[in-house]
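J.:
In full-length UniProt numbering, the protein residues as written are 1 to 104.
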């Protein structure tokens, strides 16, 4: 019974691996499964490295974005102050008489 159960497990593994070759002995099936697992582990390692790189880049971009937002707010404040200063300046196109009449 034990041998029969193992044979069923190997057949299931062979089907899962989609082995279509005639030489699908147990050693071959195990070798194929081992190769697939190694490739999957390599892919997982590469994806983890890529994820770490992307996280680092994301943090950098977030920091840059925050700095730009801060600078934008500072520039908006400066623009408001400059507009206010310009509005308080006398109109240089007005004649002095008109300017005096407006202030009376």
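Ideal Cβ placement from N, Cα and C applies to all residues, glycine included.
#1: What is the DSSP secondary structure of residue 15, reduced to helix, strand or coil?
#2: With DSSP collapsed to three states, give me the class of residue 56.
#3: What number of angstroms, rounded off, separates the C-alpha of residue 37 from the C-alpha of residue 30?
#4: On the criterion of 16 or more Cβ atoms from any shown chain inside 10 Å, does residue 14 qualify as buried, or is it exposed?
#5: Quick check: what's the CA-CA separation for residue 9 versus residue 67?
#6: Give me the Cα-Cα distance between residue 2 and residue 34, rounded to the nearest whole angstrom.
#7: Using DSSP with H/G/I as helix, E/B as strand and the rest coil, what is residue 84?
T.: If we stick to the structure as given:
#1: helix
#2: helix
#3: Taking the straight line joining both Cα atoms gives about 10 Å.
#4: buried
#5: 59 Å
#6: 23 Å
#7: helix
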